[in-house]
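J.:
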Amino acid sequence: MRRSRTVALTAAAAAAVLVVTGCSSGSKSDDTKSTASGTEAAGGSGANAATKGIVNASDKKGGTVTFEMRGTPDSLDPGNTYYAYIYNFARLYGRPLTTFAPGPGPAGAKIVPDLAESLGQVSPDGLTWTYKLRKGLKFDDGTPITSKDVKYAVERSNFAPEVNSNGPTYFKELLVDNETPYAGPYKDKTGDLKSIETPDDTTIVFHLKHAFADFDYLVSAPQTAPVPQAKDTGAEYVKKIVSSGSFKFESYEDGKQAVLVPNPNWDASTDPIRKQLPDKIVLRMNIDQATIDKDLLAGNAQVDLVGGGVDPQTQAQILQNPKLKASTDNAYGGRLVYMAINTEVAPFDNIECRKAVQYAVDKVSVQTALGGPVRGQIANTVLPPDIPGHQDFNLWETKDNKGDEAKAKEALKACGKDSINTVLSARTERATEVAAATSIQAALKKVGINAEIQQFPQGKYLTDSAGAPAFAKEHNIGLMMMQWGADWPTGYGFLQQIVDGRAIKAAGNSNLASLNDPAVNKLLDDAAVNPDQAAREKIYGEIDRKVMEQAVYVPLTDFKVFLYRPDNATNLVSTSAFSGEYDYLNIGTTK
C-alpha cells in the first residue's frame, strides 16, 4: 500500500490518459522497457537484481507457485483488508479500476488503468471523476462485470463498518454527502448512494466533496474490485470470493490454506498487464518464519507473502554465503517502523510524558534488534526518505541516537511523574518486532517507565487490540509497535490514515496515537485540493513536522526489506508500490 509524482504509463495506455492541469508528466530512467504486456527486464541477476529489473523474466506456463505466510491475513476479501501484501496479492483475483505497472522501484509506482480503459476523466472543478470500463469483462462464472458491481464494491467496503471494518474509509470521507446519510448496502438494499452514479453498464462517476488530486491512486485499492451484490454474503464472502482477475479460488480454509487456479473467463485481450502463468497458486498460512525461510532456500516455496524479509538467523546465514546473498534483494519501500504513543491513555495525554518516551528510546539498540542497518536506517521523521515531501529534521535528538536518560527523566518530572506503568503491544508473529519492543522496554525502564509487553496476533492487531481504541484504553496500552507503508505512493497516501483525526475508527483504526489536531487535518485538506505537485509536497513536510512536535510517534527505522528469491521463481521484481515486496501479479515457476 503506497509517493507523489505523476508517472508515465505503458505505451498501450498512454494515449487514453487525461492530463490534469497543474500536474507534470514524464518518466524517470530505469532498467526497464515498456511493452503492451507490462514492464520487461533489461536482464541481469545477482544481489539487488530485482530492484533494477525483472529477474528470470519468463512467459513459461505451468507448475504451482507457493506463497507462505506467518500468521493469517486480516482478510482475503478485497473490500475488507488493509495490509500491503494483501493489496498486492488480491490483484490476482480482483481487478481494481487502476493499479500499478509491474516494474522495479519507482517504475513499479506507475499508475495504469486496470478494470478501467483509461485513467479518470476529471471535471474542471476537480469534483467529478469518470471511468469507463473495458469491454468484454467477466466474472469467473461468466457473467458480465458492470459499473454497478464496482459501485457496490465501494459501498460494502466503506459504508458497512459493522461487517467490513478492516479497510480504510477514504471514499466515505471524500464522496459528497447524500441528503439522507447512506446506511450501507446491507441496511439499504436500494443502492441509493447518489454520490456514485452508473449511467450505463460501463460508466462509473464519482462525485466528491472537494477536489482530490490523488483520486487515480485511490481507485487502485482493492475496494474497487467488482463484487456482484447477489453473491455477497457479508462477513462470509471471504469463503467464496467471486473473481474478476486472472485467477479464481478453488478452495479456502480459514487460517490454513487458499488455492487459486486459472480463471477460464479471464480474457487476456482485456488485460495488458497480467500473464496467468501457473496452473495453481497455493497460499499456506500460519507457517513460522524459520520454516518459510527454509522452504524459500530449498525452492519449495516461491514467495514469503508478508514480504517482511527473512528472520535474523537466516539473514546471518545468507550474508555469510556469497552464493545465497546473490539471490537477495534489499530495498526501501516507503515504510516506517515506529512506536505510537496513545494520547488517550494517561499519562500520555500529557506531552511531557510523551517527550520522556522520545528521549528514552535507544534507536541504535532497536535497529540492532530489527536486524541491523541492512534492515533500515535510523529514522527521525514520520515520512520516509523515499516519499516525496520528506524533509530531514530531528526534534528529539539524542547523542548518537542512543537515548538521553537525563532529558527523559527531566521530561518525566515536568509531567509530574516519578514513574509510569503502561503496556507496550506488539504482534506475536513478528519476532523482530517483539525483539525491538524488548529493547525499548529495557531503555524505558532505566528512566522509570515500566512497560509490560503484550503480544497480539497480526491478523487481529488493528481490529481487536491496538487498532480498537476502547480496548487499548481499557487495557492500558499506552505504547504500540507499528509498521506503516503508504496506501499509494504520495505524501497523502502515506500520512492521512495515521495522522488525520477524522480517520479514527472504533475498529480497524490505524491512527494509533489518536491524534486529532485541527491544524494537521486542515493541512491534509489543503494538500488534497492543491493541483501543484511541489506545493503538495511542501505541505506534507509541514504535516510531518507538526506531528513530530506533538511527540505522538517515535520513528525507529526507515524499513528495508531483505528478501530471498528462489532460482525456480520467475518474474520477480521489487516494487515500491507495495512497500518493497515483490510484485505478485505475474510470478511463475520453472519447477
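Every number in this note's numbering is 601 more than the matching position in the sequence shown, counting from 1.
Idealized CB from N, CA, C, for every residue including glycine.
(1) Please classify methionine 976: is it buried, with 16 or more other beta-carbons within 10 angstroms of its beta-carbon, or exposed?
(2) Return helix, strand or coil for proline 1119, following the three-state DSSP convention.
(3) Mind checking if tryptophan 867 is an interface residue toward chain D, Cβ cutoff 8 angstroms exclusive?
(4) Could you please give the first and the last residue of the uninterrupted alpha helix (DSSP H) stretch that includes glycine 1142?
(5) Taking valine 666 and threonine 1190 to be in contact with their CB atoms under 8 angstroms, please state how far apart those CB atoms are, rounded to whole angstroms.
(6) Find out if the Cβ-Cβ distance for the pair alanine 1052, glutamine 1059 is shorter than 8 angstroms.
(7) Going by DSSP, what residue range makes up the alpha helix (DSSP H) through serine 748?
(8) If you drop the 5 nearest sequence neighbours on each side, which residues of the same chain put their C-beta closer than 7 angstroms to that of phenylalanine 1095?
(9) Can you tell me whether alanine 615 is helix, strand or coil according to DSSP?
(10) Would you say the beta carbon of glutamine 890 comes nearer than 7 angstroms to a heavy atom of the ligand MG?
(11) Measuring CB atoms only, is the region 677-684 touching the region 763-772, in the sense that at least three cross pairs come out at less than 8 angstroms?
(12) On the DSSP letters alone, give me the boundaries of the alpha helix (DSSP H) that glutamate 1075 sits inside.
(13) Which whole-angstrom value describes the C-beta separation of proline 865 and glutamine 877, a residue pair presumed to lie in contact below a C-beta threshold of 8 angstroms?
(14) Hey, out of Gln722, Pro1132, Ile1099 and Ala1071, whose CA is closest to alanine 1107's CA?
(15) Suppose contacts are defined by Cβ-Cβ distances below 8 angstroms. Is tyrosine 1154 in contact with alanine 941 by that definition?
(16) Is histidine 991 closer than 8 angstroms to threonine 999 when the C-beta atoms are compared?
(17) If I follow the unbroken beta strand (DSSP E) through lysine 849, where does it start and stop?
(18) Measure the CB-CB distance between serine 1180 and proline 705 and report whether it falls below 8 angstroms.
(19) As an exercise, report each continuous alpha helix (DSSP H) stretch of at least 4 residues that is fully enclosed by the region 655-741, in chain order.
(20) For the alpha helix (DSSP H) that contains glycine 1092, what are its first and last residues?
(21) Leaving out five residues before and five after tyrosine 787 in sequence, what residues of the same chain have Cβ atoms less than 7 angstroms from its Cβ?
(22) Between which two residues does the beta strand (DSSP E) harbouring leucine 861 extend?
(23) Would glycine 1004 pass as a contact of proline 913 if the rule is Cβ separation under 8 angstroms?
(24) Are the CB atoms of glutamate 1030 and arginine 885 nearer to each other than 8 angstroms?
(25) In three-state terms, what does DSSP make of alanine 1036?
(26) Assuming the contact rule is C-beta atoms closer than 8 angstroms, proline 1156 and leucine 937 should be a hit. Round their C-beta distance to whole Å, please.
(27) What is the DSSP secondary structure of proline 762, reduced to helix, strand or coil?
(28) What are the partner residues of serine 1175, as DSSP defines its beta bridges?
(29) In whole angstroms, what is the alpha-carbon distance linking isoleucine 1099 and methionine 1083?
(30) Could you work out which residue in Pro829, Asp1133, Ala812 and Asp993 is closest to aspartate 802 when comparing CA atoms only?
(31) What alpha helix (DSSP H) runs, 4 residues minimum, are completely inside the region 1014-1067?
(32) Along the chain, where does the alpha helix (DSSP H) containing threonine 915 start, and where does it finish?
(33) The alpha helix (DSSP H) with glutamate 953 in it runs from where to where?
(34) Any idea if alanine 902 is buried or exposed, counting beta-carbon neighbours within 10 angstroms, 16 or more meaning buried?
(35) Roughly how far, in whole angstroms, is the beta-carbon of leucine 720 from the beta-carbon of aspartate 855, given that I think they are within contact range, below 8 angstroms?
(36) In the DSSP assignment, find the alpha helix (DSSP H) that holds tyrosine 818 and state where it starts and stops.
T.: With the given structure in hand:
(1) What sits at residue 976 in the sequence shown is arginine, not methionine. It is buried - the Cβ of arginine 976 has at least 16 other Cβ atoms within 10 Å.
(2) Proline 1119 falls in the helix class under three-state DSSP.
(3) Among the chains of the structure shown, chain D does not appear; only one protein chain is present.
(4) Per DSSP, glycine 1142 belongs to the alpha helix (DSSP H) from 1134-1150.
(5) Distance from valine 666 to threonine 1190 at the Cβ level is roughly 5 angstroms; contact confirmed, criterion being Cβ atoms closer than 8 angstroms.
(6) No, these two residues do not count as a Cβ contact at 8 angstroms.
(7) Counting along the chain, the alpha helix (DSSP H) containing serine 748 begins and ends at 748-759.
(8) Hits under 7 angstroms: Gly935, Leu984, Ile988 and Ala1087.
(9) For alanine 615, the predicted structure reports a pLDDT of 27, less than 50, and the residue's modelled location is therefore unreliable. A value from the coordinates is still provided. Note: alanine 615 maps to helix in three-state DSSP.
(10) In terms of ligand content, the structure shown is empty, and the ligand MG therefore cannot be addressed.
(11) The region 677-684 is in contact with the region 763-772.
(12) Residues 1070-1075.
(13) Incorrect: roughly 10 angstroms between the Cβ atoms, too far for contact.
(14) Looking from the CA of alanine 1107, the closest CA among Gln722, Pro1132, Ile1099 and Ala1071 belongs to Ala1071.
(15) Yes, the Cβ-Cβ distance between tyrosine 1154 and alanine 941 is below 8 angstroms.
(16) No.
(17) Annotation for lysine 849: the continuous beta strand (DSSP E) segment containing it runs 848-854.
(18) No.
(19) Taken in chain order, the complete alpha helix (DSSP H) segments of 4 residues or longer contained in the region 655-741 are 685-690.
(20) For glycine 1092, the uninterrupted alpha helix (DSSP H) run begins and ends at 1092-1100, by DSSP.
(21) The residues Ala761, Val764 and Gly835, in chain order, have a CB closer than 7 angstroms to that of tyrosine 787 in the same chain once the five nearest residues on each side in sequence are set aside.
(22) Annotation for leucine 861: the continuous beta strand (DSSP E) segment containing it runs 858-863.
(23) Cβ distance not < 8 angstroms, so glycine 1004 and proline 913 don't count as in contact.
(24) Remark: C-beta atoms of glutamate 1030 and arginine 885 do not approach each other more closely than 8 angstroms.
(25) If DSSP states are grouped into helix, strand and coil, alanine 1036 belongs with the helices.
(26) Going by Cβ atoms, the distance from proline 1156 to leucine 937 rounds to 6 angstroms, so yes, they are a contact pair.
(27) In the three-state DSSP reduction, proline 762 falls in the coil class, being neither helix nor strand.
(28) In the DSSP assignment, the residues bridged to serine 1175 are Tyr1183.
(29) Distance between the alpha carbons of isoleucine 1099 and methionine 1083 is about 11 angstroms.
(30) In terms of Cα proximity to aspartate 802, the closest of Pro829, Asp1133, Ala812 and Asp993 is Pro829.
(31) Those alpha helix (DSSP H) runs which fall completely within the region 1014-1067 and span 4+ residues are 1032-1046.
(32) Where threonine 915 is concerned, the enclosing alpha helix (DSSP H) stretches over 913-920.
(33) Taken as a continuous stretch (DSSP letters only), the alpha helix (DSSP H) holding glutamate 953 covers 952-961.
(34) With 16 or more Cβ atoms within 10 Å of its Cβ, alanine 902 is classed as buried.
(35) The pair is not a contact, with the Cβ atoms about 37 angstroms apart (cut-off 8 angstroms).
(36) Its alpha helix (DSSP H) spans residues 816-819.
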